[in-house]
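Numbering-wise, the working numbering comes out as the position in the first sequence, counting from 1, plus 25.
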Amino acid sequence: MSNSDEQYSSNNHSLATSASGPTSTLVDTLSLASPEGRSSAKRTRDFIARQACENCRVKKTRCDEDYPCALCIKSGVECRYGKRGATKNEITLKMVMTTLRRIEAKVEKSPNKVTTSIGTKVDELNAASSATVLALPYESSTTANIRPIPSVFNRDGYSTPDSPSSVNQTPIAFSAYCILFWPAVQTLLPAAVSQVYSDYGERFPVIVETRRPALELDDSRQCDQCGHNNWLTQLNINTVKELCDAYFASFNLFTPIIDCKFFFQHTLGDAIHGDFGYSIGSCLVLTVMALGCSGRKSLTENGFVGQSRRLQNSQTNPLNSQDEIIPGLGFINETRRRIGFLLCDNSMQSCQLCLLMSTHGTQKANEWEEDMQSRLYWTAVTYEAIIAQELNLPLSKAQDLQDRVPLPKFVDFQLSTTFDPVTTAKEQESEAFYQYHFLSQNAHRIILSRVYNSIYYNTTTGNYPSTTIEEELYHQLENWREQLPIGIRFDNNSPVPPASSPANIIVVSWLRVRYFITKYHIGRPLLHKALHHPECITLDTILEAHLGYETLSTSQILIL
DNA sequence: GCGGGATAATTAGTGCACGA
DNA sequence: TCGTGCACTAATTATCCCGC
Numbered sequence: 026m027s028n029s030d031e032q033y034s035s036n037n038h039s040l041a042t043s044a045s046g047p048t049s050t051l052v053d054t055l056s057l058a059s060p061e062g063r064s065s066a067k068r069t070r071d072f073i074a075r076q077a078c079e080n081c082r083v084k085k086t087r088c089d090e091d092y093p094c095a096l097c098i099k100s101g102v103e104c105r106y107g108k109r110g111a112t113k114n115e116i117t118l119k120m121v122m123t124t125l126r127r128i129e130a131k132v133e134k135s136p137n138k139v140t141t142s143i144g145t146k147v148d149e150l151n152a153a154s155s156a157t158v159l160a161l162p163y164e165s166s167t168t169a170n171i172r173p174i175p176s177v178f179n180r181d182g183y184s185t186p187d188s189p190s191s192v193n194q195t196p197i198a199f200s201a202y203c204i205l206f207w208p209a210v211q212t213l214l215p216a217a218v219s220q221v222y223s224d225y226g227e228r229f230p231v232i233v234e235t236r237r238p239a240l241e242l243d244d245s246r247q248c249d250q251c252g253h254n255n256w257l258t259q260l261n262i263n264t265v266k267e268l269c270d271a272y273f274a275s276f277n278l279f280t281p282i283i284d285c286k287f288f289f290q291h292t293l294g295d296a297i298h299g300d301f302g303y304s305i306g307s308c309l310v311l312t313v314m315a316l317g318c319s320g321r322k323s324l325t326e327n328g329f330v331g332q333s334r335r336l337q338n339s340q341t342n343p344l345n346s347q348d349e350i351i352p353g354l355g356f357i358n359e360t361r362r363r364i365g366f367l368l369c370d371n372s373m374q375s376c377q378l379c380l381l382m383s384t385h386g387t388q389k390a391n392e393w394e395e396d397m398q399s400r401l402y403w404t405a406v407t408y409e410a411i412i413a414q415e416l417n418l419p420l421s422k423a424q425d426l427q428d429r430v431p432l433p434k435f436v437d438f439q440l441s442t443t444f445d446p447v448t449t450a451k452e453q454e455s456e457a458f459y460q461y462h463f464l465s466q467n468a469h470r471i472i473l474s475r476v477y478n479s480i481y482y483n484t485t486t487g488n489y490p491s492t493t494i495e496e497e498l499y500h501q502l503e504n505w506r507e508q509l510p511i512g513i514r515f516d517n518n519s520p521v522p523p524a525s526s527p528a529n530i531i532v533v534s535w536l537r538v539r540y541f542i543t544k545y546h547i548g549r550p551l552l553h554k555a556l557h558h559p560e561c562i563t564l565d566t567i568l569e570a571h572l573g574y575e576t577l578s579t580s581q582i583l584i585l
């Protein structure tokens, strides 16, 4: 029973005695007792409903809180109780709880916490066994001497306290491609690869990618004489809907940045009525359809849907020969064509308009809009953490806003039509599914950042972070996997089981991939150690490395 | 039936006593 | 000195009485 329920119960309980109880004053009692008083004095209130129904509220009449209430029965209208808004106290409490969770997560994320928490374990290990070849100078017998991660290795957005003991320590690059820069690896590289490295330096992947020629625009769809591209306006509405559905059944499951109801009621309608003109909405719909092509292809390949006749029709088939190689490329090209013009439209007046609108301040975002912004923020932060760490890129500082942005609640978009607002069981299930997956991704991001901060450094003398830290990180990753909600939990030792739904297989596969990639990241410093300081490697270490290699091979097989 | 405004319920803020 | 619990009061919000 919630607090509000308890209050509600106690309130109702009090009303049994309230007629002659606390709410009746002596004057009232006397007035009611005498005929003269009864006619002139105001009637005392029996009780006040904690929440009056919508009709009583509008008519300002007494509500007995029954369902339906007496007035609605008498009036012959539907009795409806709106959702009670959160009280200030509840809002404050919620804010405090959210802030506490944030602080808790930050403390958990701190490398100091990791090293300190495992300090006791280090003590136990050191006490139990005499010095081994793995024992490092800073692994003293007191937890107070457990060394924090030196500040020189702080990555933007993952700050750790400074430490005076950070001398002679060098970071190990976290990005997978940076293995190519390891001195021991460079001696093994073919001359051509070494040449690329010497030409472009450590940023060569980014430089090579940016110099890659752009995909050619497909001009085969230009239809009329003036060159205006109108093939989109000839698309069958059902084809459009089918591709959009495919998108929401695939990509939007693990990147839930678009609200399905809002999209179909507003965005899609506006794009179609505008003949897919040069607007952001059109770009959004075209990109959704492009991803829908990919999504539909994979759904078809996995037997969840059959190839529809509409998409087989050569006249309206958006999957032409070019799209067979890259599904949805035609739609993407159309998006590129439009976005180019739209970006060029960022004139001074556009900026002025945006600033004026933001300073006007009269348009307060509603709950759904705020929740969508929160979805966008957390999705962006999650992807940024993965991509920036993987490509060794600087972070945007967006993570600094974590304390200000609440986690998304996946608020349902209220349709403007006269639609029954009762949420179906399926929608509630879908909502829970999103929340579970979203929170799982976020929790994984924290573990990955912890790996990033805790073990990716060494010293010139061959000292690496204790293997106990690695063990702790493996343990935390396993905890994460085991605590996943049942619907999206996976077994790391067996192949992907047949999924009950596309949502299930996509989301589970996504989490599975993240799991194995993190294992790979935890194990990579050991590889660095083996290549650069083989004298520090023991038989146990070699066995560990072998196990890690097997894990990686298994993960590749499972992913494939 | 409408709606002004009285009233109850709730919340937020303040001060004080008490104990560690 | 600080944290905690309690009592009290002012402010705010929601309900609904009652005159029109």
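The C-beta atom is built at its ideal place from N, Cα and C for all residues, glycine as well.
Task: Inter-stretch contact (C-beta, 8 Å, three-pair minimum) for the region 481-489 and the region 296-309 - done: Output reads no: the region 296-309 does not touch the region 481-489.
Task: Terminal residues of the beta strand (DSSP E) in which Thr563 lies - done: To locate residue 563, count along the first sequence from 1; it is residue 538. Neither: Thr563 is in no beta strand (DSSP E) and is coded neither H nor E.
Open item on the list: With a threshold of 8 Å, are at least 3 pairs of Cβ atoms found where one atom belongs to the region 214-227 and the other to the region 273-282?
Closed with: At 8 Å Cβ cutoff, the stretches do not touch.
TODO: With DSSP collapsed to three states, give me the class of Leu568.
DONE: Locating residue 568 in the first sequence gives position 543, where the first residue counts as 1. In this structure, Leu568 counts as helix in the three-state DSSP scheme.
Open item on the list: Rounded to the nearest angstrom, what separates Thr258 and Leu309 at their Cα positions?
Closed with: For the purposes of this step, residue 258 is identified with residue 233 of the first sequence, where counting begins at 1. For the purposes of this step, residue 309 is identified with residue 284 of the first sequence, where counting begins at 1. Computed Cα separation, rounded: 16 Å.
Task: Candidates Ala468, Ile494, Gly487: closest to Ser479 by CA position - done: Locating residue 479 in the first sequence gives position 454, where the first residue counts as 1. Checking every option, the nearest Cα to that of Ser479 belongs to Ile494.
Open item on the list: Can you look up Thr50 in the DSSP assignment and give me helix, strand or coil?
Closed with: Position 25 of the first sequence holds residue 50. The predicted position of Thr50 is uncertain, since its pLDDT is 30 and thus under 50; a value taken from the coordinates is nonetheless stated next. It is coil, neither helix nor strand.
- [ ] Count the other CB atoms, across all protein chains shown, that sit within 10 Å of the CB of Ser421; report buried if there are 16 or more and exposed otherwise.
- [x] Start at 1 with the first residue of the first sequence, and residue 421 comes out as number 396. Classification of Ser421: exposed, given that the 10 Å Cβ count is below 16.
Task: Cβ shell of Phe206 (< 8 Å), same chain only, five flanking positions each side left out - done: Translated into positions along the first sequence, residue 206 becomes position 181. Result list for Phe206: Ala198, Tyr222, Glu227, in chain order.
- [ ] Using the Cα positions of Arg506 and Gly294, report the straight-line distance between them to the nearest angstrom.
- [x] The count along the first sequence starts at 1 and reaches residue 506 at position 481. The count along the first sequence starts at 1 and reaches residue 294 at position 269. For Arg506 and Gly294, the distance between alpha carbons rounds to 41 Å.
- [ ] Report the rounded CA-to-CA distance for Thr566 versus Leu551, giving the unit in angstroms.
- [x] Position 541 of the first sequence, counting from 1, holds the residue named residue 566. Position 526 of the first sequence, counting from 1, holds the residue named residue 551. C-alpha separation (whole angstroms): 8 Å.
Open item on the list: Does the structure place the region 530-542 close enough to the region 551-560 that three or more beta carbon pairs sit under 8 Å?
Closed with: In the pairwise beta carbon analysis, the region 551-560 is classified as not touching the region 530-542: fewer than three pairs are separated by under 8 Å.
Open item on the list: Just to confirm the assignment, what range does the beta strand (DSSP E) spanning Asn488 have?
Closed with: Residue mapping note: residue 488 aligns to position 463 of the first sequence, counting from 1. Neither: Asn488 is in no beta strand (DSSP E) and is coded neither H nor E.
TODO: Grab me the residues of Ser339's own chain with a C-beta within less than 7 Å of its C-beta, minus the 5 sequence neighbours each way, in chain order.
DONE: Taking the first sequence and counting its residues from 1, one reaches residue 339 at position 314. Any reading at Ser339 needs caution, since the residue's pLDDT is 39, under 50, leaving its predicted position unreliable; the model's value is listed next. Excluding positions up to five away in sequence, the list is empty.
- [ ] Please name the residue, chosen from Val265, Glu415, Pro281, that lies closest to Val231 on a Cα-to-Cα basis.
- [x] In the first sequence, residue 231 corresponds to position 206, counting from 1. Of the listed residues, the one whose Cα sits closest to Val231 is Glu415.
- [ ] Mind checking who Thr212 pairs with in its DSSP beta bridge?
- [x] Residue mapping note: residue 212 aligns to position 187 of the first sequence, counting from 1. According to DSSP, Thr212 shares a beta bridge with no other residue.
Task: Bridge-paired residues (DSSP) for Gly195 - done: Stepping through the first sequence from its first residue, residue 195 is reached at position 170. According to the sequence shown, residue 195 is Thr rather than Gly. Asn483.
TODO: Under 8 Å by Cβ, that's how I've got Thr407 and Arg470 pegged, so tell me the actual separation to the nearest angstrom.
DONE: In the first sequence, counting from the first residue as 1, residue 407 sits at position 382. In the first sequence, counting from the first residue as 1, residue 470 sits at position 445. Taking the Cβ atoms as the reference, Thr407 lies roughly 5 Å from Arg470, within the contact range of under 8 Å.
Task: Buried/exposed call for Ile472, threshold 16 Cβ in 10 Å - done: In the first sequence, residue 472 corresponds to position 447, counting from 1. Around the Cβ of Ile472, a 10 Å sphere holds 16 or more other Cβ atoms; the residue is buried.
Open item on the list: According to DSSP, simplified to helix, strand and coil, what is Ile283?
Closed with: Counting from 1 along the first sequence, the entry for residue 283 is found at position 258. Ile283 falls in the coil class under three-state DSSP.
- [ ] Assign Lys99 to buried or exposed, taking buried as 16 or more other Cβ atoms, counted over all protein chains shown, within 10 Å of its Cβ.
- [x] Mapped onto the first sequence, residue 99 falls at position 74. Classification for Lys99: exposed.
Task: Three-state secondary structure assigned by DSSP to Trp633 - done: Shown here, the chain extends from 26 to 585; a query on residue 633 therefore has no answer.
Open item on the list: Check for me: the alpha helix (DSSP H) holding Ala274 runs from which residue to which?
Closed with: Start at 1 with the first residue of the first sequence, and residue 274 comes out as number 249. Careful: Ala274 lies outside any alpha helix (DSSP H) and carries neither H nor E.
Open item on the list: Quick check: the Cα distance between Thr448 and Pro419, rounded to an integer number of angstroms?
Closed with: To locate residue 448, count along the first sequence from 1; it is residue 423. To locate residue 419, count along the first sequence from 1; it is residue 394. A caution first: Thr448 carries a pLDDT of 43, below 50, which makes its placement in the model too unreliable to give a value.
Task: Contacts around Glu359, its chain only, beta-carbon distance under 8 Å, and the 5 residues preceding and following it disregarded - done: Counting from one through the first sequence, the residue named residue 359 turns up at place 334. Within the same chain, Glu359 has close Cβ partners Asn254, Leu257, Phe301, Leu311.
- [ ] Have a look at Ile412, Leu213, Arg400, Asn417 and flag the residue whose alpha-carbon is nearest the alpha-carbon of Val430.
- [x] Against the first sequence, residue 430 aligns to sequence position 405. Among Ile412, Leu213, Arg400, Asn417, the Cα nearest to that of Val430 is on Arg400.
Task: Cutoff 7 Å; reference Thr404; Cβ partners in own chain excluding five residues on either side - done: Taking the first residue of the first sequence as 1, we reach residue 404 at position 379. For Thr404, where only same-chain residues beyond five positions count, the Cβ hits under 7 Å are Thr280, Ile282.
Task: Beta carbon of Asn504 nearer than 8 Å to that of Tyr540 - done: Here residue 504 refers to the residue found at position 479 when the first sequence is read from its first residue. Here residue 540 refers to the residue found at position 515 when the first sequence is read from its first residue. Not closer than 8 Å, so no.
Task: Residue range of the unbroken alpha helix (DSSP H) whose run includes Tyr402 - done: Translated into positions along the first sequence, residue 402 becomes position 377. Counting along the chain, the alpha helix (DSSP H) containing Tyr402 begins and ends at 392-416.
Task: Distance between Gln398 and Pro136 (C-alpha atoms, nearest Å) - done: In the first sequence, the residue the question calls residue 136 occupies position 111. In the first sequence, the residue the question calls residue 398 occupies position 373. The predicted model places Pro136 with a pLDDT of 47, which falls under 50 and marks its position as unreliable; any figure quoted below should be read in that light. Their backbone Cα atoms lie some 30 Å apart in a straight line.
Open item on the list: At the level of alpha carbons, what is the spacing between Leu425 and Ala410?
Closed with: Counting from one through the first sequence, the residue named residue 425 turns up at place 400. Counting from one through the first sequence, the residue named residue 410 turns up at place 385. The amino acid at residue 425 is misidentified as Leu; the sequence shows Asp. In a straight line, the C-alpha of Asp425 is about 12 Å away from that of Ala410.
Task: Euclidean distance between Cα positions of Arg361 and Thr264 - done: For the purposes of this step, residue 361 is taken as the residue at position 336 of the first sequence. For the purposes of this step, residue 264 is taken as the residue at position 239 of the first sequence. Between the C-alpha atoms of Arg361 and Thr264 there is a straight-line separation of about 21 Å.
Open item on the list: So, under 8 Å CB-CB, Val436 and Glu392 are touching, yes? Tell me the CB distance rounded to an integer number of Å.
Closed with: On the first sequence, position 411 is the one that residue 436 refers to. On the first sequence, position 367 is the one that residue 392 refers to. Their Cβ separation, rounded to whole angstroms, is 5 Å, which keeps Val436 and Glu392 in contact under 8 Å.
Open item on the list: What does the Cβ neighbour count give for Gln508, buried or exposed, with the cut at 16 atoms within 10 Å?
Closed with: Here the question's residue 508 lines up with position 483 in the first sequence. Gln508 sits exposed, since fewer than 16 C-beta atoms from the chains shown fall within 10 Å of its C-beta.
TODO: Taking all protein chains shown into account, decide if Ile262 is buried (16 or more other Cβ within 10 angstroms of its Cβ) or exposed.
DONE: Translated into the one-based positions of the first sequence, residue 262 becomes position 237. By the C-beta density criterion, Ile262 is exposed, having fewer than 16 other C-beta atoms within 10 angstroms.
TODO: Specify, as a first and last residue, the run of the alpha helix (DSSP H) that Val313 falls within.
DONE: Taking the first sequence and counting its residues from 1, one reaches residue 313 at position 288. Val313 -> alpha helix (DSSP H) spans 305-326.
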